[in-house]
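Engineer: Below is one structure. I have some questions about it.
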Amino acid sequence: MEKYSKRNIIIHWLTLALLVAAWFLGDALDEARHEGGATIAGYVVHLLVGASVLLMTLARLVFRSKDGIPPAMGNTPMDKVAKGIHYALYAVLVLLPVSGMMVVLGSDVGKAIMSGDATLLPAKFQGVEAHEVHEVLVTVLITLVVVHLLGALKHQFVMKDNIMDRMSLRNKG
Ligand code: HEM
Ligand code: HEM
1 MEKYSKRNII IHWLTLALLV AAWFLGDALD EARHEGGATI AGYVVHLLVG ASVLLMTLAR
61 LVFRSKDGIP PAMGNTPMDK VAKGIHYALY AVLVLLPVSG MMVVLGSDVG KAIMSGDATL
121 LPAKFQGVEA HEVHEVLVTV LITLVVVHLL GALKHQFVMK DNIMDRMSLR NKG
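Residue 1 is where the sequence shown starts when you use our numbering, and the numbers rise one by one after that.
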């Protein structure tokens, strides 16, 4: 079976791990801020994990165009929906970290990090629209990933076409 390139398979699964980490770290930050206990380290770690998602995605798009991708599983309307979901995932994987960077630049978080002064960290993100956009994009991402996962499960267990082999490093010949 034709597969995705090795480097793109590695990035696909690494992205999943990074997203889980960024999600938990982001939620923890939000909670800590509401309890008045947010730290600069907390913001920096979330920022670095989130920025790695962006770097990985940009690398992945370059590798994708150089290495190519296996032909579509089929040509049904559902296959087209799956493809649309893939493009939407790529768009959110870029826009979500970018909106996070805009939160940092458009609020006092940036100042607090630059000066190392945690007392400058904002208690609220009132008027910082990027914060709302960031939150909405998190929900959009989770929704897309759930639909994507359901699609993969349907292929694997209902249609039994071994789609997972295309995104797996194991070589089954
Ligand atoms: C793609 C990766 C990312 C994911 C999945 C993610 C996820 C999250 C989540 C779940 C939250 C909590 C939302 C809330 O405030 O209720 C959050 C907040 C935040 N994120 Fe991200 N984020 C990502 C990337 C980034 C990046 C790259 C930056 C900055 C460069 C960033 C900066 C922030 C900031 C400043 C907050 C506000 C925290 C607070 O409420 O105090 N995020 N993020
Ligand atoms: C949750 C577990 C996941 C499973 C089981 C899974 C499974 C798969 C499989 C089997 C494919 C190959 C589809 C094909 O050959 O047509 C694929 C492709 C893809 N996956 Fe996932 N995936 C998961 C999570 C994610 C996550 C978290 C993201 C990003 C947010 C993601 C983004 C993509 C993209 C963009 C493609 C299309 C690759 C391309 O054609 O360029 N996946 N996934």
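Just so it is clear, CB atoms sit at the ideal spot from N, CA and C, and this is done for glycine as well. Nothing here was measured: the structure is a model prediction, and the numbers come from that model.
(1) Classify glycine 100: buried if its beta carbon has 16 or more other beta carbons within 10 angstroms, exposed otherwise.
(2) Ligand 1 and leucine 29: does the residue's C-beta get closer than 7 Å to at least one heavy atom of that ligand?
(3) Look at the alpha carbon of lysine 83 and the alpha carbon of valine 49, and state the distance between them as a whole number of angstroms.
(4) Identify, in the order they occur along the chain, each residue of the same chain with its Cβ nearer than 8 Å to the Cβ of valine 138, setting aside the five sequence neighbours on each side.
(5) Could you check the C-alpha separation between valine 62 and lysine 111 for me, to the nearest Å?
(6) Tell me whether the region 130-150 and the region 102-109 touch, counting them as touching only if at least three CB pairs, one residue from each stretch, are closer than 8 Å.
(7) Roughly how many angstroms lie between the CA atoms of arginine 64 and histidine 34, to the nearest whole one?
(8) Can the beta-carbon of threonine 39 be found less than 8 Å from the beta-carbon of leucine 93?
(9) What are the start and end residues of the alpha helix (DSSP H) that includes methionine 56?
(10) Go ahead and pull the three-state DSSP assignment for threonine 76.
(11) Might you give, ordered along the chain, the residues of its own chain that have their beta carbon closer than 8 Å to the beta carbon of leucine 169, omitting 5 neighbours on each side?
(12) With tyrosine 43 and methionine 167 assumed to form a contact (beta carbons below 8 Å), what rounded beta-carbon distance in angstroms separates them?
(13) Helix, strand or coil for methionine 1 per DSSP?
(14) Methionine 101: beta carbon under 7 Å from a heavy atom of ligand 1?
(15) The alpha helix (DSSP H) that contains asparagine 8, what's its start and end?
(16) Take the Cβ of isoleucine 163 as the centre, count every other Cβ of all protein chains shown within 10 Å, and call the residue buried at 16 or more, exposed below.
(17) Out of curiosity, what's the CA-to-CA distance linking valine 145 and leucine 89?
Structural biologist: Let me spell this out:
(1) Working through the sequence shown from its first residue, we reach residue 100 at position 100. Its Cβ being crowded by 16 or more others within 10 Å, glycine 100 is buried.
(2) Reading the sequence shown from its first residue, position 29 is the one you call residue 29. Checking every heavy atom of ligand 1 against the Cβ of leucine 29, one is found closer than 7 Å.
(3) The count along the sequence shown starts at 1 and reaches residue 83 at position 83. The count along the sequence shown starts at 1 and reaches residue 49 at position 49. Between lysine 83 and valine 49, the C-alpha separation is close to 27 Å.
(4) For the purposes of this step, residue 138 is taken as the residue at position 138 of the sequence shown. Trp23, Gly26 and Leu96.
(5) To locate residue 62, count along the sequence shown from 1; it is residue 62. To locate residue 111, count along the sequence shown from 1; it is residue 111. For valine 62 and lysine 111, the distance between alpha carbons rounds to 33 Å.
(6) yes
(7) Locating residue 64 in the sequence shown gives position 64, counting from the first residue. Locating residue 34 in the sequence shown gives position 34, counting from the first residue. One C-alpha to the other measures close to 41 Å.
(8) Counted from its first residue, the sequence shown places residue 39 at position 39. Counted from its first residue, the sequence shown places residue 93 at position 93. Contact: no.
(9) Mapped onto the sequence shown, residue 56 falls at position 56. Its alpha helix (DSSP H) spans residues 40-67.
(10) As a position in the sequence shown, residue 76 is number 76, starting the count at 1. DSSP places threonine 76 in coil when its eight states are reduced to three.
(11) Position 169 of the sequence shown, counted from the first residue, corresponds to residue 169. For leucine 169, where only same-chain residues beyond five positions count, the Cβ hits under 8 Å are Lys6, Ile9 and Ile10.
(12) Sequence index remark: in the sequence shown, residue 43 carries index 43 (1-based). Sequence index remark: in the sequence shown, residue 167 carries index 167 (1-based). Actually they do not touch by this definition, with Cβ atoms about 33 Å apart.
(13) Reading the sequence shown from its first residue, position 1 is the one you call residue 1. Reduced to three states, the DSSP call for methionine 1 is coil.
(14) As a first step, residue 101 must be located in the sequence shown, where it is residue number 101. Yes, ligand 1 has a heavy atom inside 7 Å of this Cβ.
(15) Taking the sequence shown and counting its residues from 1, the one referred to as residue 8 is at position 8. 6-34 is the extent of the alpha helix (DSSP H) around asparagine 8.
(16) Residue mapping note: residue 163 aligns to position 163 of the sequence shown, counting from 1. When all chains shown are included, isoleucine 163 counts as buried.
(17) Within the sequence shown, numbered from 1, the residue matching residue 145 stands at position 145. Within the sequence shown, numbered from 1, the residue matching residue 89 stands at position 89. About 8 Å.
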